[in-house]
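Some notes on the structure that comes next.
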Amino acid sequence: MPWQPVIGLEVHVQLKTKSKIFSPAPTVFGAEPNVQANVVDLALPGVLPFLNDEVVNMAIKFGLGAHATINKRSVFARKHYFYPDLPKGYQISQNKFPIISGGYIDIPVANDKIKRVKLTRAHLEEDAGKSIHYEGENKSGIDLNRAGMPLLEIVSEPELRSASEAVTFLKTLHNLVQYLDICDGNMQEGSFRCDANISIRLSEEHEFGTRVEIKNINSFKFVEQAINYEIERQTDCIKHSEEIVQETRLFDSAQKVTKSMRSKENAHDYRYFAEPDLPPLLIEQETIDKIRHSMPELPWDKKQRFIEQYELSDYDAAILTADKNIAYYFENVCKETKASNKITANWIAGELMGQLNKTGASIKNCPISANYMAEMLDKIADGTISGKIGKTVFEELWLGKQTVAEIISSKGLSQISDPKELEQVIQEIINKFPSQVGEYKSGKDKLFGFFVGQVMQVTKGRANPGLLQEMLKNLLSK
Amino acid sequence: MLHKLSLKQLHDGLKNKDFTSKELTGHYLDRIAKHDVNLNSFISVTSEHALAQAQEADKIIQRGEQTGMLTGIPIAQKDIFCTKGIKTTCCSKILAEFTPPYDATVIKKYQENNSIMIGKTNMDEFAMGGSNENSYFGLCANPWDLTRVPGGSSGGSASAVAARLCPGATGTDTGGSIRQPASFCGISGIKPTYGRISRYGMIAFASSLDQAGPMAPSAEDLAIMLQAMAGKDSQDMTSANIEVPNYLSYINESLKGKKVGLPKEFFQDGLDDKIRSKIEDAIEVLKQQGVEFVEISLPNSVLAVPTYYIIGPCEASSNLARYDGVRYGYRTNNPKNLESLYKDSRAEGFGDEVKRRILIGTYALSSGYYDAYYQKAQKIRKVIKEDFDKAFEKVDLILGPTTPSFAYKIGAMTKDPVKMYLGDIFTIPANLAGLPGMSIPVGFSNNMPIGMQLIGKAFAEPEMLNMAHIYQQNTDWHTQIPEKYTT
């Protein structure tokens, strides 16, 4: 009998603020170790945290985007444990009274259906620093640049039922926080990472099984692998009548397995209590209203608008809105070009996104500007170049050295649509192949394709196909 | 006899160029050199720094610029305030070699007032204690009797002011650490309303109770110092965004018709008879000024000590987690592994009383005990505050003894921490309620000073300083200096 996985996620979203959550130190990624840690981040004696308002506004934005309750009063709490990269010996987080409660995210599932995944809560907290262990050397380094980076921890209800559902949920959330402009979404740099809680049970009617937590997974692929591994491992445990231990595990991405980190008995007693250095966080309705009025369009709303406004298929609209920067690019091209929305969508979803994927480039620093893309599509639309030649122009444009016009003229790519010029070429071919002309005239219609091919060869594919058909027919029948 | 002048007299003298800041600072440095060998009230004497500041202050005075009340006047700072480039130890081995790269807001404010920092004063380690016996740098003596404690935790500041080694000093008060040593040493001290003075840069003991304040011979001196220290600080979110009144402008108001409550719980059997009788004398003096007295009750104040000894240690156990031997401060030699780095650094770096409180706090916050201890203590704290709210519906101020007994002999209490904790019985309620409390000298018994406490509503510092000042205008206890230190 198949076992049903029960999965809940805790997602750590690093908020895109200029300074840290409780100190004025900058948040830019990749600085020399410890240069972005000030006296507050270093937890020197006597320092006090000071809450960055920007962080609160971003959490409110998330709450509104996720249809959640924004708590007018929330309380920061200290979460204690000892580790060298946790300078104060406690992390300032929120425990009993988070800033956001409830809410949901709709995710697409099989058969064009939508599943509503409820959220438990989202709370604000500070990140810890990083410990760097030098292999083979008897020393470790500590980088506190990340200490005090603002995090919004989003917790889902245990409503996900497969690894792929979990990944879809994460992707939807990843897209949402970027639409909201509260997170840069960079998973390699750890701006978006998650813990997964997994248990299995016989069926929907049964109680939840013993839960295992997998910590700090930082890619969609690893989430899928880790969850699938864990489901299999737990199923095996049950098959062999072994007990599933409540514990925290880590995913080893090289071996693609999860490994035990600490069991429940060794779990930390965090000794939470309300942070006395920060008064309760009070949010005015006015602040919420102000943010509500300046909310950006959300992914699902944008997709619906694309379907209606640009008459795109559900599929095209989904692809184009899966990244707000692609959507933005698409709309900019549409504004500029005479080409149809469908053709524009095909080029962006096909050629452009393919090239982005292949090269790993991001749409933000795409070498082909929306203007150039629009210009190229115009040249196809007005017959200057054929769609096939368009691909050559696209490749040249990608190199970022020439304008559309420069490429077309320097490579001689423009379509031959001048009847006189084309007639000259056709006549040459007719003269060159008299026997074939004879066979054609005696009824061998198939040879028409041979003549088209010959003309295209001579013109390097530049002959206007419509005009060529028409003229070739006329001239051959003379 | 510069050391017999009040802050206001010193200010006038500097302004009239009767003496320079350099002379004044030199005078106090000489007194410290002469007397502090026996007292040990200073951890560091910052002579060079002080003389350089004095020179700057003299230039300002010379130019005839409008000067603040504290320009050119030396003040001692409790060694709990971070001073940039100057060792700040909190009298703990764990910070014995720590030099902060930044100034506490209180220190900055004194600098902005062109005051002179003459040194850093002795205290109980991390402000935990009531006798100054918990200092890593040794005992501090009471100038009235060198065999007795000066009180604590701001024992060094109290001792230094009482011996007139400085005209004023800062203290901090979590459960009585300004008022109790002020009482033991016969000086005045005020713990303002929680939030009145920024805690930024003041090394934390119990964040929800800690409050800085001034210690000096008279209420007038306190008014001048409090003026410099008070105010909202953007770096302390718990500091109050309430305008700071001009304290000096209130101190001469008439006391006629003022109503003062005498909590019956503060005058029960445990109180020393001599203290009771001196408080009664002080009440008579105030009655002559038109003050009316009524008996009130603070029924839950008897629960204050146990409540405080849960909340204080809980917050302390958390605040002191940062002293781990990793980034700064004392680190054990040759730790075997990470765990021994933590355990040994902390075991060797903290003193017994600090360890005791870390253990109590860690225990009380741990899972399964939180509700029974910390949660319950917070509930009682609320009830204690409500007692005060009720009392202040009927009276303007509350008056009583500062401590149940005099300064005791060095070593007398070290074996019995609970008995020592009970010495804070009258001071702790104000901390739990976040209210201002002050102590002023009201007489002597066997040559040892006795203190009287005033407690006010939140931000009632002007009324308290006013009543204390009028009292001091009619008495001279605050001008008494121990024999040895008069010249």
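First to last, the protein sequences are chains A and B. Take any residue in the first sequence, count from 1 to its spot, add 770: that is its number in our numbering. Take any residue in the second sequence, count from 1 to its spot, add 141: that is its number in our numbering. No residue lacks a Cβ here, since even glycine has one placed at the ideal position from N, Cα and C.
query: Can you list, in chain order, the residues of its chain with a C-beta nearer than 8 Å to that of A/A1119? Leave out the 5 residues immediately preceding and following it.; result: D1086, I1089 and L1090
query: Quick one, which of A/A898, A/K849, A/G899 and A/I830 has its alpha-carbon nearest A/I869's?; result: A/I830
query: Would you say B/M343 reaches chain A, if we count a Cβ-Cβ gap shorter than 9 Å as a contact?; result: yes
query: Just to confirm my understanding: we take B/I569, look at its own chain, exclude 5 residues before and 5 after, and list those with CB closer than 7 Å. What are they?; result: G316, G317, A445, V446 and Y449
query: For my contact list, A/R843 and A/P1049 are in at a C-beta cut-off of 8 Å; report their separation, rounded to the angstrom.; result: Rounded, the Cβ-Cβ distance is 10 Å, inconsistent with contact.
query: Do we get a CB-CB distance below 9 Å when we pair B/C232 with the residues of chain A?; result: no
query: I believe B/R277 touches B/C223 by the beta-carbon criterion, under 8 Å. Please report the beta-carbon distance rounded to the nearest angstrom.; result: Checking the sequence, you will find Tyr at residue 277 of chain B rather than Arg. The Cβ separation is near 17 Å, so there is no contact.
query: Measure the alpha-carbon distance for A/E1056 versus A/R1062 and round it to whole angstroms.; result: 10 Å
query: Alpha carbon to alpha carbon, how far is A/S934 from A/P772? Give it in angstroms, no decimals.; result: 17 Å
query: Can we count B/G541 as close to the ligand ZN, meaning its CB is less than 8 Å from some heavy atom?; result: For the ligand ZN, the structure offers nothing, since it holds no ligand at all.
query: So who's on the other strand from B/V186, going by DSSP bridges?; result: B/G260
query: Throw me the rounded Cβ distance for the B/Q613 and B/A360 pair, which I believe falls under 8 Å.; result: 6 Å
query: Less than 8 Å between the CB atoms is what I'm expecting for B/I214 and B/H152, so what's the real figure, rounded?; result: 7 Å
query: For a contact meaning CB atoms closer than 7 Å, what does B/T379 contact in chain A?; result: D1047 and P1049
query: Can you tell me whether A/F962 is buried or exposed, with buried defined as 16 or more other CB within 10 angstroms of its CB?; result: buried
query: Chain A partners of B/L236, CB-CB under 9 Å?; result: P815
query: If the cut is a Cβ gap below 7 Å, which residues of chain A does B/E456 touch?; result: P1046
query: In chain B, which residues lie with their C-beta within 9 Å of the C-beta of A/K858?; result: S459, N460, A462 and R463
query: Measuring CB to CB, does B/F303 end up less than 9 Å from B/Y549?; result: Inspection of the sequence shows that residue 303 of chain B is occupied by Ala rather than by Phe. No, these two residues do not count as a Cβ contact at 9 Å.
query: Less than 6 Å between C-beta atoms, sequence neighbours within five positions excluded: which residues of the same chain meet that for A/V937?; result: F990, V993 and E994
query: Which same chain residues, not among the five before or five after B/L280, have their C-beta less than 7 Å away from its C-beta?; result: N181, N273, E274 and I551
query: By the DSSP assignment, the beta strand (DSSP E) with B/M593 in it spans what residues?; result: M589 to G597
query: What residues of chain B sit near A/L1122, judged by a beta carbon separation below 7 Å?; result: The contacting residues do not exist; A/L1122 stays about 48 Å from chain B at best.
query: Does the CB of A/V925 have a neighbour CB from chain B at under 9 Å?; result: no
query: Between A/R1003, A/P775 and A/K866, which has its C-alpha nearest A/E974's C-alpha?; result: A/P775
query: Starting from B/R468 and walking both ways along the alpha helix (DSSP H), at which residues does that stretch end?; result: First-last for B/R468: undefined, no H or E at that position.
query: For B/I344, I'd like the list of residues in its chain whose CB is within less than 6 Å of its CB, leaving aside the five on either flank, ordered along the chain.; result: I221 and C231
query: Say whether the segment 1073-1086 of chain A touches the segment 857-874 of chain A, bearing in mind that this needs 3 or more beta-carbon pairs closer than 8 Å, one atom from each stretch.; result: no
query: Just how far apart, CA to CA, sit B/Y388 and B/L363?; result: 9 Å
query: Below 8 Å, how does it come out for the segment 897-909 of chain A and the segment 943-958 of chain A: are there three or more Cβ pairs, yes or no?; result: no
query: Please identify the residue among B/N263, B/F267, B/A268 and B/M269 whose C-alpha is closest to the C-alpha of B/A282.; result: B/N263
query: I need the DSSP call for A/I1001, collapsed to helix, strand or coil.; result: helix
query: Can you give me the start and stop residues for the beta strand (DSSP E) that A/N967 sits inside?; result: F962 to R971
query: Tell me which residues of the segment 1029-1043 of chain A have at least one Cβ-Cβ distance to chain B shorter than 7 Å, keeping chain order.; result: D1039, R1041 and F1043
query: When burial is assigned at 16 or more other CB atoms within 10 Å of the CB, is A/Q806 buried or exposed?; result: buried
query: Just the C-alpha distance for A/N1234 and A/P928, rounded to the nearest angstrom, thanks.; result: 60 Å
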